[in-house]
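In the order they appear, the protein sequences are chains Y and P.
Counting in the numbering used here, the first sequence runs from 1 upward without gaps.
Counting in the numbering used here, the second sequence runs from 604 upward without gaps.
The structure appears below as C-alpha cells.
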Amino acid sequence: MIKGNFIDNLPKVYGIYTGGFLGFIIIMSIAEQMGMTAKTIGICFVAFTVAIYAIIGYLSRTAQADAYYVAGRQVPTVFNGMATAADWMSGASFVAMAGGIYFKGYGYMALLVGWTGGYVLVASLLAPYLRKFGCYTVPDFIGTRYGGNLTRFLAVVVLTVASFTYVTAQINATGTIASVALDIPFQYAVYVGLISILLCSMLGGMRGVTWTQVAQYIVLIIAYLLPVFWISNKMGAGFFPHFMLADEVARIGELEQQFGFVKNSAGDLANVPKGLAGITKAHSAVNASPWAFISLALAMMMGTASLPHVMMRYFTTPSVKAARKSVGWSLFFIFLLYSSAPMLATLSKLSLIDPSLPTGIIGKSIAEVQSIDWYQNWNQANLMFVSDFNGNGTLELNEFFMGGKAVVLATPEIAGLPYVISGLVAAGGMAAAMSTADGLILAIANAISHDVYYKIIDPKAETAKRLVVARVLLVVIGFAGATIAAMEIQGILGSVIWAFDFAMSGLFFPLVLGVWWKRANRQGAIAGMALGLISGAWYLVWVRTGGSGFLGITQLTFGIFGSAVSLVSMVVVSLITSEPNAATQKMVDEVRVPSGRSIIGKQ
Amino acid sequence: MSKQEQHWEKTRGLLLMTLAIWFVFSIGIFLFGAEMNEVTGPFGYPLTYWFTCQGSLGIFVILIFWFANRQEKIDEEFGFSERGDD
C-alpha cells in the first residue's frame, strides 16, 4: 500500500482520511447529543487518532537505510510542507501560544515573528544546499564538509543537547494531555504518550514519521481552526475572525483603560495557585522595548535555522528545487495556525472581561462567578482562580487568574460550544506534541546511529545491523526523555526556547559558513561549535544563578551571545590555520549548483 | 569569469536581496514599534499589532516562494537546474 503508486495517490489517501476524521467528529457530536459522557468522548478522540497514527506507522515499516533515514527522498513538496509544519508546531505552540499572547501581548508576539521569519533563513541559506549534499543527518553534513570525526562528533553533541532539551517538553505535553483525556495519573500518562510516539517512528523511521506527521497536521489544524471560527461566529465577532476582529481588539483596549491594571500586593498574590496569572499587560499596545522584542525574535529565527529536526525534513524531498518550495509550503501551513492564535487570544479575553457579554465575569459578584459550571470545572483543574482582594464582593480585573493553557482548552467551553470540541482540541494537542517529539527523538537517534555508530565506530556495519542500532537508540532516548519529563523540572515553554538558543549557539554559523564561506575549515568549525555551545551554556548558567547579564541578553536569548562567540572564533581560527584542501573546495562548488550528483549517497 | 562563478554571483545577489527584505519585516519595522502602532493598519488593527499577528508572517510566506522562483530562474539561465524532478 505504501509502495510505488502510494506517492501518486497521496491527495486521494489523505482526502479520504480527512473526510473520515470529519465524519468521526460528526459521529461523536451525535453521540454527545445521545448522552455520551464528556470523559468517554475525550477517550474516544485520543484513542482513535493515536490508533490511526499507529496503523500508519506500521504500514510504513522498512528495512532500507534510505527509507529509514530520509523516507526514500520522494516526499512531494506540499506533503513535506504539512509534515514539517506538524514537526515544527509543538505541544507548546498548540496549547500555550494563545495563552502567552493573552497574558503578555506584544512582548510575547516576538515569538510569532521569530518562529516564522526563521524559515526565510532556512530557505535561502541552508535547506537547498544541504539537500544537494545528500546527507542523512545534519552532523553528516558537518562531518563531510569539514572532515574528521571530531567535527562530526561535536555536531552530534550540539544536536543532542538542543533536541533533548526540546523533547522532554514534548513528552511532558503528551503526558499532560493523555492524563487529562484518559484520566490517569501524569507519571503513567507520560509513558502512554511515549509508547504512542514510538509506535509512529520505530518501524518506519523517517518514512513512518513523515506519513504520520501529515496525518497529525490535518488533525491539529482542524482542531485549532474549527473552534476559533465557531467561537467568533457565536460571539457575533465576525465570520472570518482574522479580518474582522479590529473592533474587538479596540474594545479590549477600552476596557483596559476603564479597569486599569491594578498591581496586587505580594501578600495577595501568595494565595494564587502556582502557574496562574492575571491580565497585567496591554493586549495590542507595544509593551516591550525594541531590543527586547528584536533580540527574542532574532534568537528564535537563528535557532529555527539550526534545529536539526526541521532541517532533516528537507532531506526527504525529491530534488533541490522541491526542497526550496517545500520550505514555502511549510511556512504557509504554519501560518494558518500562528495567525489564528492571536485571534483566539482576543476572543478568549473579550468573552471573559467584557461585562456587556453574557460570558463576561469581570464586574459580576464573586459568589456568582464561583457558581458558574465552567468556572468550577477549571478551578478544579487548577487553571482558574478568583479572589476578592479588596473585599468589595465584586470581581475586578486584577482578581481573576488563569493558566496559560486554559485559553486553548477552556475557551470553547466558556463560549458554550459542545464538549465534542474539547475532545477535538485534546486530540489536536496530542497530535502536535507527538509529531514534534517523533521528529526530535528520530533526529537524535539517527545522528547517534548514523554518525557515531556507523561513521565513527563501525563503518563496515551492515544495513540490518545499523537499523537495529537506530531503533534501540530510539527507544532508549525516548525512555530517557520520558523519565526526565516525569520529574517535571521545567515548564513547557521555557525549555522549548532554550533548545533554540542551544542550537543556534553551536550550529548556526558552522552550517551557514559551510555553504557560504569556502575558506571555513575544520579547525574553525571545531572552535565555532565547541566555544559557541560552551559560552552559550555558561551564559545561561550565569544568568540563572543571579548574574546580571549584559546588553539586555536574557536567559531566553542567550543564543545571541553563544552564536556571536561561535562566529568570531570560527572566523579567527579558520583564518590563522591553512585553507581547506582542493577536494573540499570543489565539494563546496558542487553543493552550490542544484544539478549533478549529490556529494554523498545516491541521488 | 566561469559560468559557475557568474551563477554564484547572481545567487549571492538574490540572497542579499532576500535577506534585506527579511530584515525589514522581522527586525527593521520593530525598531519603531511604538510609533507605528499609532497608525491604523489593514482591517482596522493597530499597525504594529497587525504586523506581529499576520503581516510579517504572511510576507515571509510570499518572500520564500518569490525567492524560490527567482532562484529557479537563475539556475535555468546557467543550465544548472535539475532534470526530471517534481
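Where a beta carbon is used, it is the ideal one built from N, C-alpha and C, also for glycine.
Every value quoted in this text rests on a predicted model; they were computed, and no experiment measured them.
In terms of Cα proximity to Val167(Y), the closest of Leu357(Y), Ser289(Y), Thr554(Y), Ser90(Y) is Ser90(Y). With respect to chain Y, the C-beta atom of Glu612(P) has no partner C-beta closer than 8 Å.
Put simply, the CB of Leu511(Y) is far from chain P, with every gap to its CB atoms at 8 Å or more. The continuous alpha helix (DSSP H) containing Met343(Y) extends over residues 341-353. The secondary-structure analysis by DSSP pairs Met402(Y) across a beta bridge with Ala277(Y), Met384(Y). Taking Ser163(Y) as reference, the option from Thr346(Y), Val515(Y), Ala480(Y) with the minimal CA-CA separation is Ala480(Y). In this structure the stretch 399-413 of chain Y touches the stretch 92-100 of chain Y; the number of beta carbon pairs closer than 8 Å is three or more.
In the DSSP assignment, Ser574(Y) is bridged to no other residue. Residue environment for Pro241(Y): buried (at least 16 other C-beta atoms within 10 angstroms of its C-beta).
Judged by DSSP in its simplified three-state form, Pro139(Y) adopts helix.
A contact is defined here as three or more CB-CB pairs under 8 Å, and the stretch 221-235 of chain Y meets this definition with respect to the stretch 416-436 of chain Y. Thr151(Y) carries a helical assignment under DSSP once its states are collapsed to helix, strand and coil. For Ala637(P), at least one C-beta of chain Y is nearer than 8 Å to its own C-beta. Listed in chain order, the positions of the stretch 626-654 of chain P with a beta carbon within less than 7 Å of a beta carbon of chain Y are Ser629, Ile630, Phe633, Leu634, Gly636, Ala637, Asn640, Phe646, Gly647, Tyr648, Pro649, Thr651, Tyr652. Where Asn581(Y) is concerned, there is no enclosing alpha helix (DSSP H), because DSSP gives it neither an H nor an E.
Taking the Cβ atoms as the reference, Pro139(Y) lies roughly 5 Å from Arg152(Y), within the contact range of under 8 Å. Between the stretch 243-257 of chain Y and the stretch 449-459 of chain Y there are fewer than three inter-stretch CB-CB distances shorter than 8 Å, so the stretches are not counted as touching.
Taking a Cβ-Cβ cut-off of 8 Å, the neighbours of Ala671(P) in chain Y comprise Ala123, Lys321, Arg324, Lys325, Val327, Gly328, given in sequence order. As the crow flies, the alpha-carbon of Trp230(Y) is around 15 Å from that of Leu350(Y). Close partners of Glu685(P) in chain Y (Cβ separation under 8 Å): Ser319, Val320, Lys321, Pro594, Ser595. Using a Cβ-Cβ cut-off of 8 Å, Glu675(P) counts as an interface residue toward chain Y, since at least one Cβ of chain Y sits closer than that to its own. Using a Cβ-Cβ cut-off of 8 Å, Gln607(P) is close to Asp589, Arg592, Val593 of chain Y, given in chain order.
Using a CB distance below 7 Å, the part of the stretch 253-286 of chain Y facing chain P consists of Ser284, Ala285, Val286, ordered along the chain. For the alpha helix (DSSP H) assignment, the uninterrupted runs of no fewer than 4 residues enclosed by the stretch 642-677 of chain P are, from N- to C-terminal side, 650-653. One thing to note: Ile353(Y) has its Cβ within 8 Å of the Cβ of Leu255(Y).
For Thr394(Y), the three-state secondary structure derived from DSSP is strand. Going by C-alpha positions, Gly143(Y) is about 31 Å away from Ala433(Y).
One Cα belongs to Lys613(P), the other to Glu680(P), and the distance between them is close to 10 Å.
With a threshold of 8 Å between beta carbons, Gly661(P) makes contact with chain Y. Counting only Cβ-Cβ distances below 8 Å, Ile294(Y) has contacts in chain P at Ile630, Phe633, Leu634, in chain order. Not a single CB atom of chain P sits nearer than 8 Å to the CB of Tyr224(Y). Between Leu567(Y) and Cys656(P), the alpha-carbon positions lie close to 32 Å from each other. Put simply, the stretch 327-338 of chain Y touches the stretch 102-121 of chain Y. At least three CB pairs are less than 8 Å apart. Between the C-alpha atoms of Ser339(Y) and Ser284(Y) there is a straight-line separation of about 15 Å.
Nearest neighbour of Ala65(Y) by Cα position, chosen from Gln555(Y), Arg471(Y), Ile414(Y), turns out to be Arg471(Y).
The bridge partners DSSP lists for Ser365(Y) are Thr394(Y).
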